[in-house]
Each structure stands twice: as structure tokens, then as C-alpha cells.
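Participant: When you line the sequence shown up against the working numbering, it's residues 2 to 149, in that order. The beta-carbon is built from N, C-alpha and C at its ideal position, and this holds for glycine as well. Mind looking over this structure? Questions follow.
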Amino acid sequence: MSIWWSLHLRREAASVPLARRLLLGTMETAGVDPDVCYDLSVALSEACANAVEHGGAGAQDDGAEYRVTAYLDGQMCRIEVTDSGPGFAGEDTTVRPARADAEQGRGLYLIRELADHVRIGNHPGVGGAVVSFDKILKWRENAPLVAV
2 MSIWWSLHLR REAASVPLAR RLLLGTMETA GVDPDVCYDL SVALSEACAN AVEHGGAGAQ
62 DDGAEYRVTA YLDGQMCRIE VTDSGPGFAG EDTTVRPARA DAEQGRGLYL IRELADHVRI
122 GNHPGVGGAV VSFDKILKWR ENAPLVAV
């Protein structure tokens, strides 16, 4: 069983819980284990929050959009968040742990901790950042859409 969806969202804070609820609803309906649902929803929230905060051309860029795509395919979920901002400076996409009391800078680190495989980079040719992450799915017993 494969499920995928893609959203184009305005770069506004209200879009983050919308994306999170859609992902949670999809995974819960399919029968994904609640712990996996939680991990992926937190990781998605962090990626979306980064796109909202950093994904535009500038402070006046209120109408900019970003895209969220999610794939549940077989035993894996892949999520990709792409924005149209300046991307990552140079090619340095190193994720460093933030201090425990830091109010910013923890998002990419959390994504790395919650997902099984993470790719962070710039969108080739078009500009903007791309954060993509995968997690192996676990299923509830008698899940309605469990992969065979």
C-alpha cells in the first residue's frame, strides 16, 4: 500500500499545525504505530517551522509558499519540505546540537534524532532549502492499510 500527498502552504505559522494534523491523520488511519506517528509529526513540525521562519526571500516576503510532500510506501515514510528561500549558506549543512536552553537552532538536530535517514541541502538550480527525512514504519496490530 502506498499513500502520498503534497501540500503547497503559505509561509505562515498557522500552516505548521495544518501539515502536522494531515500527516498524523494519514498515519493513524493507515494504522502506523503511535510512537512513529509522534516522532514523524514532531520532525515535520520542525521542518515546517524552519521553512516558515527562514524560507522566504526577506522580511517582506509574507506571501511566499513552501511545499510538504509525504510518502508512505511499504515499510517506510519519507517526508520532504522545500522552501524558496536563500537555502543553506554555502554547502555547509552540518547539524550541530543546540544547547539545552537554546530557544532556536534545535529543529534540524531534532529531525536528525527522530528520523532514520536525513538529507539536508539546497534545491539545485531553483534555490531554496530541502529537508528530507525517512523513518521505517511500525504498524499497529490489525492495521487497516499495513504493507504486505
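1. Counting pairs of Cβ atoms below 8 Å between the segment 3-11 and the segment 115-129, do you hit three or more?
2. Can you name the start and end residues of the alpha helix (DSSP H) that Asp135 belongs to?
3. Buried or exposed: which applies to Ile112, given that a residue is buried once 16 or more other Cβ atoms fall within 10 Å of its Cβ?
4. Using DSSP's beta-bridge definition, name the partner residues of Val37.
5. How about Gly32 and Ala130: do their beta carbons lie closer than 8 Å?
6. Which stretch, first to last residue, makes up the beta strand (DSSP E) that contains Ser16?
7. Quick one: grab the DSSP three-state call for Glu114.
8. Opposite Val82 in the DSSP bridges: which residues?
9. With DSSP as the reference, please indicate the residues paired to Arg11 in a beta bridge.
10. Taking Glu114 as the reference, give the member of Ser7, Ser42, Ser3 and Glu142 with the closest Cα.
11. Does DSSP classify Val53 as helix, strand or coil?
12. Checking 8 Å against the spacing of the C-beta atoms, do Ile80 and Ser133 come in under that value?
Facilitator: Looking at the atomic coordinates:
1. Counting Cβ pairs under 8 Å, fewer than three are found: no touch.
2. Segment Ala130 to Ile137 is the beta strand (DSSP E) holding Asp135; no alpha helix (DSSP H) there.
3. buried
4. None, per the DSSP bridge assignment.
5. no
6. Element bounds for Ser16: not the beta strand (DSSP E) but the alpha helix (DSSP H), Ser16 to Ala31.
7. If DSSP states are grouped into helix, strand and coil, Glu114 belongs with the helices.
8. Per DSSP, Val69 and Val132.
9. Glu66
10. Ser42
11. helix
12. For Ile80 and Ser133, yes; Cβs fall inside 8 Å.
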